[in-house]
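Have a look at the structure below before the remarks.
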Amino acid sequence: MTRAKPEPVQVIKHRRDAALKALTAGVPFIQYLGIQFDRRGDELTAILPFDPKLIGNPALPALHGGVTASFLEVAAIIELAWSTLWEGMEQGQIDPSEIGTSPLHLPKTIDFTVDYLRSGLPRDAYARARVNRSGRRYASVHVEAWQDNRSRLFAQGTGHFLMPGE
Amino acid sequence: MTDIDKIAHAFISALPHAAALGMQITSIGDGVVVMTMPWDARFVGDPATGVLHGGAVSSLLDTASGAAVMCHPAAPVSTATLDLRIDYFRPATPRQTITARAECYHVTRSVAFVRVTATDEDATRPVAAATGAFTLDRPRGLT
Numbered sequence: 001m002t003r004a005k006p007e008p009v010q011v012i013k014h015r016r017d018a019a020l021k022a023l024t025a026g027v028p029f030i031q032y033l034g035i036q037f038d039r040r041g042d043e044l045t046a047i048l049p050f051d052p053k054l055i056g057n058p059a060l061p062a063l064h065g066g067v068t069a070s071f072l073e074v075a076a077i078i079e080l081a082w083s084t085l086w087e088g089m090e091q092g093q094i095d096p097s098e099i100g101t102s103p104l105h106l107p108k109t110i111d112f113t114v115d116y117l118r119s120g121l122p123r124d125a126y127a128r129a130r131v132n133r134s135g136r137r138y139a140s141v142h143v144e145a146w147q148d149n150r151s152r153l154f155a156q157g158t159g160h161f162l163m164p165g166e
Numbered sequence: 167m168t169d170i171d172k173i174a175h176a177f178i179s180a181l182p183h184a185a186a187l188g189m190q191i192t193s194i195g196d197g198v199v200v201m202t203m204p205w206d207a208r209f210v211g212d213p214a215t216g217v218l219h220g221g222a223v224s225s226l227l228d229t230a231s232g233a234a235v236m237c238h239p240a241a242p243v244s245t246a247t248l249d250l251r252i253d254y255f256r257p258a259t260p261r262q263t264i265t266a267r268a269e270c271y272h273v274t275r276s277v278a279f280v281r282v283t284a285t286d287e288d289a290t291r292p293v294a295a296a297t298g299a300f301t302l303d304r305p306r307g308l309t
């Protein structure tokens, strides 16, 4: 019995990175805030590089609460869309070359709650989201954000989302 | 410009992110603030439709809420968001200005509670609403 030759690693990486880019590159507000995504296998880390326009309180200075909320919400939506896309790609139901050729259908936020734990410092911020429940119509996602220390969160959030296509 | 206009203008320009998103105060006083944010192509969340990103709306709701705390008769010296829960009712109509009305409806010694609603040009159908808890730092000697 002969096995099919595995795909070269660079081909797989390129396909996955292109799929991730297709999710985020087309959204103007993600680009405006400067949010990037780091991918390790299927795990995503959202990165918000510091920029003076993100400041809310210049006296401290601290990141604007709305920036923190936006960052968490973006991290949650992209994680949710990505986890659905990943599964579809791995199971061969989604043709990666099709991604980005038609308008994106991202999950829609129903509600989002932000818990502000400490003030956001004028430094880069990071966030990782976890899909706690993903049904056909609704999903629940939790997201944590930190700056210098992974164990010292500066904010966390939970949101409910309406899945696209329903 | 009236005094209140000057104060409102100074308040917004002191907050770089609020100024960057083009927010403006329409009215402010006694724990109630009305604030606007114009539609801008850079703040779009869905390029297929031109609908603003929920995060941009969240920024407006948070800013209006913080301003409502600051103008409460308790006269706090500063505030920060503890918690904000946002409900999204419908997509904001593209190319329309968003208006948020925030009300600081209860304060304790150290916490302020706020509710806020956002509408586009159709004021009868809200786009989003939020409730939040904020820290309240009272002036020294008045606690």
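Going down the list, the sequences are from chains S and P. The numbering of the first sequence is the working numbering, which starts it at 1 and goes up by one. The numbering of the second sequence is the working numbering, which starts it at 167 and goes up by one. From the three backbone atoms N, C-alpha and C, an ideal C-beta is built for every residue, glycine too.
Compute the distance between the beta-carbons of residue i and residue j, then report whether it is under 8 Å.
| i | j | result |
| --- | --- | --- |
| P28/S | P182/P | no |
| Y126/S | W146/S | yes |
| A22/S | I99/S | yes |
| I264/P | A296/P | no |
| V141/S | R128/S | no |
| L72/S | G120/S | no |
| C270/P | V280/P | yes |
| I247/P | E287/P | Per the sequence presented here, residue 247/P reads as Thr, with Ile not at that position. Cβ atoms of T247/P and E287/P: not closer than 8 Å. |
| D303/P | T245/P | yes |
| Y138/S | L162/S | yes |
| A19/S | A46/S | no |
| A214/P | A268/P | no |
| W205/P | R261/P | yes |
| R170/S | D17/S | Outside the displayed span of chain S (1 to 166) sits residue 170/S, for which this structure offers no information. |
| L48/S | L33/S | yes |
| V217/P | P305/P | no |
| I194/P | A174/P | yes |
| D42/S | W86/S | yes |
| L96/S | R150/S | A small fix is needed here, since residue 96/S is Pro in this sequence, not Leu. Result no, Cβ atoms of P96/S and R150/S do not sit closer than 8 Å. |
With a threshold of 8 Å between beta-carbons, can residue i be considered close to chain P, or not?
| i | result |
| --- | --- |
| V141/S | no |
| E7/S | no |
| G165/S | no |
| T109/S | yes |
| Y32/S | yes |
| T113/S | yes |
| I99/S | no |
| I55/S | yes |
| A18/S | no |
| P58/S | yes |
| E73/S | yes |
| V131/S | no |
| Y138/S | no |
| P122/S | no |
| Y116/S | yes |
| H14/S | no |
| P49/S | no |
| V179/S | Residue 179/S lies beyond the residue range present for chain S, which begins at 1 and ends at 166; the question has no answer from this structure. |
| V11/S | no |
| S70/S | yes |
| S119/S | yes |
| P96/S | no |
Report, in whole angstroms, the separation of the C-beta atoms of residue i and residue j, which I expect to be a contact under 8 Å.
| i | j | result |
| --- | --- | --- |
| A233/P | V199/P | 4 Å |
| A207/P | Y254/P | Between Y254/P and A207/P the Cβ distance is about 20 Å, and since that is not below 8 Å, they are no contact. |
| T192/P | M201/P | 6 Å |
| T24/S | I78/S | 6 Å |
| A81/S | L44/S | With 8 Å as the limit, A81/S and L44/S do not qualify as a contact, their Cβ atoms being about 10 Å apart. |
| A299/P | V282/P | Actually they are not in contact, since the Cβ atoms of A299/P and V282/P sit about 13 Å apart, beyond 8 Å. |
Taking only beta-carbon positions, decide if residue i is within less than 8 Å of chain S.
| i | result |
| --- | --- |
| P175/P | Looking at the sequence shown, residue 175/P is not Pro but His. No, no contact with chain S. |
| P213/P | yes |
| F209/P | yes |
| L312/P | Residue 312/P lies beyond the residue range present for chain P, which begins at 167 and ends at 309; the question has no answer from this structure. |
| P182/P | yes |
| D286/P | no |
| H219/P | yes |
| I252/P | yes |
| D228/P | yes |
| A241/P | no |
| A186/P | yes |
| S276/P | no |
| S362/P | No information on residue 362/P is available, as it lies outside the stretch 167 to 309 that chain P covers here. |
| D171/P | no |
| A246/P | yes |
| D196/P | no |
Once the 5 residues before and after residue i are set aside, which same chain residues still bring their CB inside 6 Å of it?
| i | result |
| --- | --- |
| F50/S | P122, R123 and D124 |
| V143/S | L72, A75, A76, A127, A129 and G157 |
Sorted by chain position, which residues of the same chain lie with C-beta nearer than 7 Å to residue i's C-beta, five sequence neighbours on each side aside?
| i | result |
| --- | --- |
| K53/S | none |
| G88/S | I94 |
Residues in the same chain with beta-carbon distance under 8 Å from residue i, minus the five sequence neighbours each way, listed in chain order, please.
| i | result |
| --- | --- |
| G220/P | G211, I252, Y254 and A294 |
| G135/S | M163 |
| K108/S | F161, L162 and P164 |
| D111/S | G159 and H160 |
| R319/P | Chain P is shown only over 167 to 309; residue 319/P falls outside these bounds and no answer can be derived. |
| D249/P | G298 and A299 |
Touch test, the segment 175–192 of chain P against the segment 219–235 of chain P, Cβ-Cβ under 8 Å, three pairs minimum: yes
Is the segment 149–157 of chain S touching the segment 58–73 of chain S in the sense that three or more CB pairs, one from each, lie closer than 8 Å? yes
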